[in-house]
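Throughout the sequence shown, residue numbering follows the working numbering, covering 381 to 461 in sequence.
Report on the following structure.
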Amino acid sequence: MELRFQEGQWKAYDAAKVHLSKGRKSEALAQLNDCIAEGRILENRYPDFKEQKFDIGGTSMSMLELLQVCAKERKALQPSP
Numbered sequence: 381m382e383l384r385f386q387e388g389q390w391k392a393y394d395a396a397k398v399h400l401s402k403g404r405k406s407e408a409l410a411q412l413n414d415c416i417a418e419g420r421i422l423e424n425r426y427p428d429f430k431e432q433k434f435d436i437g438g439t440s441m442s443m444l445e446l447l448q449v450c451a452k453e454r455k456a457l458q459p460s461p
């Protein structure tokens, strides 16, 4: 389960941060969308683990917490209607 979290949701979030640091907003937005999609899949497939915290990159975060972070950052990048 932790490997799935690391290789899916967390990896997408980490890639989004790299893209943002280089000013590539559209690529970051795509990665944040992947983070959210993977988080929803994990949440539905492994409901018992959605609140479990994982230690990655010096941070401790659950699937749901990371999902909320990705959604918040995605909202900030989306163009206003």
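We put the CB at the ideal spot given by N, CA and C, even for glycine.
No experiment lies behind these values; they were computed from the predicted model shown.
Looking only at its chain, what residues have a beta carbon closer than 6 Å to the beta carbon of residue i, apart from the 5 residues adjacent to it on each side?
i       : result
Glu-453 : Leu-412
Ser-440 : Lys-433
Lys-405 : Leu-457
Tell me which same chain residues have a C-beta within less than 8 Å of the C-beta of residue i, skipping the five on either side of it?
i       : result
Leu-447 : Gln-389, Cys-415, Ile-416, Gly-419, Arg-420, Glu-423
Leu-444 : Gly-419, Glu-423, Lys-430, Glu-431
Whole angstroms is fine: what's the gap from residue i's alpha carbon to residue j's?
i       : j       : result
Asp-428 : Lys-391 : 21 Å
Gly-437 : Gln-386 : 10 Å
His-399 : Lys-455 : 16 Å
Using only CA atoms, which one of the options lies nearest to residue i?
i       : options                   : result
Arg-384 : Ser-401, Ser-442, Val-398 : Ser-442
Leaving out the 5 sequence neighbours to the left and right, which residues in its chain are closer than 7 Å to residue i when beta-carbon positions are compared?
i       : result
Tyr-426 : Met-381
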